[in-house]
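Quick notes on the structure that follows.
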Amino acid sequence: MHKRIIIYIVSLIVCLVAFSHQARAQFKSEAFKQTYNEPGDTLSASDTTEKLFSFKEYFGGLAHKNEVKIGVMFAGSLVLPGTAQIYNKDYWKLPIVYGGIGALAGTGGYYLHRYNKTKKSYDAYSASKLEYENTYGVEYPYEAPFVDYKAKTTGTWLMVGAGLMYWGSLMDGVVSFKSDKDPLPGRATLYSALLPGMGQIYNGELFKVPIYWGGLLVSVHLLANNDRNYKRFKRIHNEASSPGYTGNVTAETAKWYRDVYRRYRDYSIVATALVYLLQVIDANVFSYMHDFEVSEDLTMSIEPAVLAPDNAYALRSTGPAYGQNAFGVRIGISF
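My numbering applies: residue 4 is where the sequence shown begins, and numbers increase by one.
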């Protein structure tokens, strides 16, 4: 068996070496140095690398001195909420954005601080009670302080509202962005990034929305279920590892299920991320292909051709035939 594997490996190496020697003649070095610009054109985007984000371009756009791409506008508004509305000249929306985010976040922070304050008082009481009862062996004479769980709920929902206001400012910036191209690939991409499936709706591909939403719902359901079971068996394992445990599940069994559900939870996270990224990529790609049409006249032509000396290297790079005309076949496909 090992001899056979060694023979396979040696054969593969020989084939690769032989192919690389023959393939050297198939590709002339100039083929990897060519450009696709017109002669004298040094500004074409084909051979240039554009910056993904430019502060000069972005702040120039905010001052309405130049136009910016929708991606640049969106990236800036992620850090500076409301700047998308400034670029789109929707100044009347700024009080709504800043007032809404500030009021909701400030009020939510107040309620959460109130909850944390009462919770710390209760934790301090619990520690004092435990120490007193262990020391004196009698019940602690003071009543437990009140923990404001309602403040926690209220503060959490207010912070969620602030997040939704922030998300709404981003979505409004993308919706209000002015462009002559429709559909705009950047808009479709950001739609799907902000709200899964919206990019497909923008591209006119409604049939894809149930597919992606179904994939996301299934992935999120599995994620929640696996996380719940992971935490359950983690708790059982901790209890089974402590003295005085009387449960039916042993520590070893709980540990095995804990690790299994943790692995399944991780797989669910990956699946959710993949479905989300797939629908974003789908919205971007198919918005670019919106104007791409395939004619019903799909034909293939095969005809003889003469290879001139300039491309004779494709046949061989050395020898007496180099620099001479050669005959071949040209295959063309039109659609």
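Even glycine gets a Cβ: it sits at the ideal position worked out from N, Cα and C.
Two segments are said to touch when three or more pairs of C-beta atoms, one from each, lie closer than 8 Å; by this definition the segment 139–157 does not touch the segment 178–193. In this structure, the beta-carbon distance from F56 to A78 falls below 7 Å. Counting C-beta pairs with one atom in each stretch, the segment 193–200 and the segment 99–112 have fewer than three that are closer than 8 Å, which means they do not touch. Close CB contacts of L65 within its chain, under the 7 Å cut and outside five residues either way in sequence, are with T86, I89, Y90 (chain order).
Non-local beta-carbon contacts of A227 in its own chain, meaning distances under 7 Å to residues more than five positions away in sequence, are absent.
The beta carbons of I99 and F180 sit about 18 Å from each other, so the pair does not count as a contact at 8 Å. Relative to the Cα of V212, the nearest Cα in the group M174, L83, A286, Y128 belongs to A286.
In this structure, DSSP gives E208 a state outside helix and strand, which the three-state scheme calls coil. Contact check for N241 against Y264 fails: the beta carbons are separated by 7 Å or more. With fewer than 16 neighbouring CB atoms inside 10 Å of its own CB, G217 falls in the exposed class.
Beta-bridge partners of E60 (DSSP): none assigned. If you check the CB distance, T159 and S222 do not come in under 7 Å. The three-state secondary structure of P307, taken from DSSP, is strand.
Of the residues assessed, Y169 falls on the buried side of the cut-off, its CB having 16 or more other CB atoms within 10 angstroms. Between the alpha carbons of P84 and D93 lies a gap of roughly 13 Å. Inter-residue distance for L225 and Y215 is about 15 Å (C-alpha atoms, whole angstroms). Only buried fits V71, as 16 or more other CB atoms lie within 10 angstroms of its CB. G176: member of the alpha helix (DSSP H) spanning 152–179, first to last residue. Per DSSP, the unbroken alpha helix (DSSP H) holding M76 starts and ends at 73–82. Counted as a single uninterrupted DSSP element, the alpha helix (DSSP H) harbouring Y267 occupies residues 254–291. When C-alpha distances from D151 are compared across Y279, R117, L97, A127, the shortest belongs to R117. Here P199 is buried: its Cβ has 16 or more other Cβ atoms, across all protein chains shown, within 10 Å. Under the 10 Å beta carbon count, Y248 is surrounded by fewer than 16 other beta carbons and is classified as exposed.
Of the candidates S129, S131, T156, F236, the residue whose Cα lies closest to the Cα of E255 is F236. Taking the Cα positions, K68 is about 20 Å away from V177. Approximately 22 Å separates the beta-carbon atoms of T110 and L173; this is outside 8 Å, ruling out the contact. Remark: C-beta atoms of P148 and S124 approach each other more closely than 7 Å.
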